[in-house]
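Note sheet for the following structure.
Written out as structure tokens, the structure is:
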């Protein structure tokens, strides 16, 4: 789906008045680029911290001391200092995959409102469905690489993760339909503006869609009801068994990419579907400081939610995954139906 | 946003909980919550309209369907049935969920054809009522276990009461009282039947009843 010119126009009007002189426009472009880069740096820098905070929180909830929230950074530094090793059977896909996995969440972050409420210059490259494809490329390459490595567990993990993703896809599509229906556009920035400004209170359909989206996000990022990220048992792993054959900087890129994937998908959940306030209206230093601070606050709240979910729920049997994802599909579907009735 | 539509949306969700419940205990809890929500809708309507019937109706639902019937069911279960046992469907659980979604869509479509005479409740509530009615009937037909079939029937009855609230909120209290008490009697009778069935075939799984016994 090509991004709309209508959306673009709408935002010119929504923005701080049309100042059409060239100098101003030039400043605008520069500020846009700076804002974009800052948003990407925030994603790069904070993603491992989110992972660390979740681990620490889970340990604390189980009365353990647990690792410091900064542990993922130390892991990454250690891994980057080590040599890479590749299995002799692997083809170029195995060597390329870490870069793809690392790059796709960054590309995705350009398309979504990380820090700014108004879209930056690259935001119209793809809408929600398109950005879903972008984030899907990473998982696709992880699966290919896992099978390419020739390891048994890699193949097992790849097959299971395809199983989960293929069941999660219908929910994603229905969620996109529903938000597109409510807001009249599928570019994340448009959606976020409409859901944010159209009604102050939470409507049932909105809540259902947000719940369904969180359920599939947890499934897609290898979180607990589906996959235990702390599991040490090869036979029960989904996500981590795909990374078994990686070492050194490759593994670091894979893990960093995985952390960023969780981070950016949660950003979509928080800033588009649940709680957009706090986003910067314009590219200025104070507005961005506020935006980063609120993003950190929201992320802490989301991390707390994930900690509670992961501590309260046991991993469900693999053959019951269709029930979990079927449930999320039904939630999204009812959200869609109620949104069409509620208008 | 109106609290009624939020309560009604929760009402629909809880009905889905009744569909996916594997244990009798969960199903009874879901039914109880559903009844509380129905009572809540009636009371929220009372706050808007100041019709005393609605308040009494809401309180009646909460006390009978929200407290008395679940307590009765729990006690029966403790005596006669193992409440922790898992129960299944004639179809798989995911299929049941998807069929439930399709049925609720059918309910909404049916509701859009019925002109709502009262303008007290939004049209979505009528759709939710019909959807819950269909979901309850579906549970009754597709479940294997007799107790959960009864749960489906009770849920269908709740949906019917919601439809009644939308279409005729000023119904005489006497009729409503009779309706709700009827359910109580039905529960008592059905639980005796189920206990009897358990004595005879040592289970409440109705598919056992197809076997011939000499």
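Residue numbers (my numbering), protein chains in the order written: chain L, 21 to 363; chain D, 1102 to 1315. Yeah, the Cβ is synthetic: ideal placement off N, Cα and C, and Gly gets one too.
- For residue 1137 (chain D), the enclosing alpha helix (DSSP H) starts and ends at 1125 to 1150.
- Annotated as proximal: residue 1237 (chain D) and residue 1253 (chain D), with beta-carbon spacing under 8 Å.
- The C-beta separation of residue 1178 (chain D) from residue 1227 (chain D) comes to about 33 Å, leaving the pair out of contact by the 8 Å criterion.
- At a cut-off of 8 Å between beta carbons, residue 1145 (chain D) makes no contact with chain L.
- Annotation for residue 74 (chain L): 323, 326, 327 place their beta carbon closer than 7 Å to its own, counting only its chain and skipping 5 residues before and after.
- Counting the other CB atoms within 10 Å of its CB gives residue 153 (chain L) a total below 16, which places it among the exposed residues.
- Along the segment 192 to 265 of chain L, the alpha helix (DSSP H) occurs as fully enclosed runs of 4 or more residues at 208 to 218, 224 to 240, listed in sequence order.
- A Cβ of chain D is located within less than 8 Å of the beta carbon of residue 224 (chain L).
- Under the DSSP definition of a beta bridge, residue 300 (chain L) partners with L:136.
- Within the segment 322 to 344 of chain L, the residues whose Cβ lies closer than 9 Å to some Cβ of chain D are 340, 342, 343, listed in chain order.
- The alpha-carbon separation between residue 246 (chain L) and residue 178 (chain L) amounts to approximately 14 Å.
- Taking the Cα of residue 1290 (chain D) as reference, the smallest distance to any Cα among D:1163, D:1140, D:1170, D:1142 is reached at D:1170.
- The Cβ atoms of residue 261 (chain L) and residue 176 (chain L) lie closer than 8 Å to each other.
- Relative to residue 1282 (chain D), the option among D:1310, D:1155, D:1255 whose CA is nearest is D:1255.
- Taking the C-beta atoms as reference points, residue 208 (chain L) is found nearer than 8 Å to residue 133 (chain L).
- Closest option to residue 1265 (chain D), judged by alpha-carbon separation, among D:1133, D:1140, D:1207: D:1140.
- Among the bridge pairs identified by DSSP, residue 1306 (chain D) is matched with D:1246.
- Between residue 1142 (chain D) and residue 1108 (chain D), the C-beta gap is smaller than 8 Å, which places the two residues in contact.
- The continuous stretches of alpha helix (DSSP H) do not include residue 339 (chain L), and DSSP gives it neither H nor E.
- The continuous stretches of alpha helix (DSSP H) do not include residue 1271 (chain D), and DSSP gives it neither H nor E.
- Bridge pairing for residue 119 (chain L): absent [DSSP].
- Exclusion of the five residues before and after residue 111 (chain L) leaves 168 as the residues of its chain whose Cβ lies within less than 8 Å of its Cβ.
- By DSSP's assignment, residue 1190 (chain D) forms a beta bridge with D:1244.
- Between residue 143 (chain L) and residue 135 (chain L), the gap from beta carbon to beta carbon reaches 8 Å or more.
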